[in-house]
Each structure stands twice: as C-alpha cells, then as structure tokens.
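In full-length UniProt numbering, the protein residues as written are 1 to 105.
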C-alpha cells in the first residue's frame with residue numbers, strides 16, 4: 001500500500017543519509033531496527049549488512065578508497081581496446097603513464 005511504500009522510502013533515505021555521512025553506528029542502528037512493514041527484499045539486504053558488518057564498518061570509518069586504482073584500470077583497458085596496434089609494450093606502457101600523469105614529458 002501507499003503507507004508501506006512511504007515508510008520504506010523514508011527508512012531508505014535515513015539509511016542512505018547515514019551511509020553518505022559515514023556514520024557507521026547510526027547506519028547499523030537503523031539496519032538492526034528495521035521496521036517490519038518494509039518490503040521483504042529489504043530484510044534480505046539486512047541479513048547481508050549484518051553478515052558483512054565488520055567490513056562495511058571499516059569502509060565507512062577509514063578514509064581509504066580504491067577509486068584511483070579503478071580509474072587507472074579503466075584507462076588501461078580502454079587504451080588496450082583502442083591501441084591494439086602498438087608494436088612494443090614499452091611504448092604502450094609509456095603512453096599509459098603519460099595519460100595518467102605518472103610521468104612527465
């Protein structure tokens with residue numbers, strides 16, 4: 001019904017806000033006090049969050065991210081896709097370094 005959807009949406013927004021603010025305690029308090037009226041799919045997600053609580057808590061509390069590595073990996077894959085004509089690996093490697101500002105020319 002409309003009321004269940006409204007409650008689920010408000011609950012989802014609270015969890016999302018706690019996640020974006022990196023408030024691990026609030027996030028897991030919200031997860032553990034999930035209203036019974038939310039859809040059952042969210043209850044499956046609740047089990048996953050509780051199973052992986054230690055890892056999620058570390059990800060929220062520590063400032064580390066693998067975004068730079070993922071970005072570099074994406075650039076390399078794209079370059080390999082469009083630059084298959086490189087004769088030497090050394091030249092391709094140099095181009096990857098230049099594009100990602102790992103060396104200067």
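We treat Cβ as the ideally placed atom computed from N, Cα and C, and that holds for glycine.
Which of helix, strand or coil DSSP assigns to residue i
{"i": "residue 57", "result": "helix"}
{"i": "residue 66", "result": "coil"}
{"i": "residue 94", "result": "helix"}
{"i": "residue 2", "result": "helix"}
{"i": "residue 21", "result": "coil"}
{"i": "residue 44", "result": "helix"}
{"i": "residue 81", "result": "helix"}
Which listed residue (the options) has its alpha carbon closest to that of residue i
{"i": "residue 6", "options": "77, 68, 16, 38", "result": "38"}
{"i": "residue 43", "options": "12, 66, 103, 62", "result": "12"}
{"i": "residue 62", "options": "93, 3, 19", "result": "19"}
{"i": "residue 76", "options": "98, 56, 65, 64", "result": "98"}
{"i": "residue 24", "options": "54, 3, 36, 47", "result": "54"}
{"i": "residue 68", "options": "10, 31, 100", "result": "100"}
{"i": "residue 64", "options": "22, 48, 49, 34", "result": "22"}
Rounded separation between residue i and residue j - CA only
{"i": "residue 29", "j": "residue 59", "result": "16 Å"}
{"i": "residue 16", "j": "residue 104", "result": "41 Å"}
{"i": "residue 93", "j": "residue 45", "result": "42 Å"}
{"i": "residue 50", "j": "residue 34", "result": "12 Å"}
Chain B within 9 Å of residue i, Cβ atoms only
{"i": "residue 45", "result": "In the displayed structure, chain B is absent; only one protein chain is listed."}
Beta-carbon separation (whole angstroms), residue i vs residue j, contact threshold 8 Å
{"i": "residue 95", "j": "residue 79", "result": "7 Å"}
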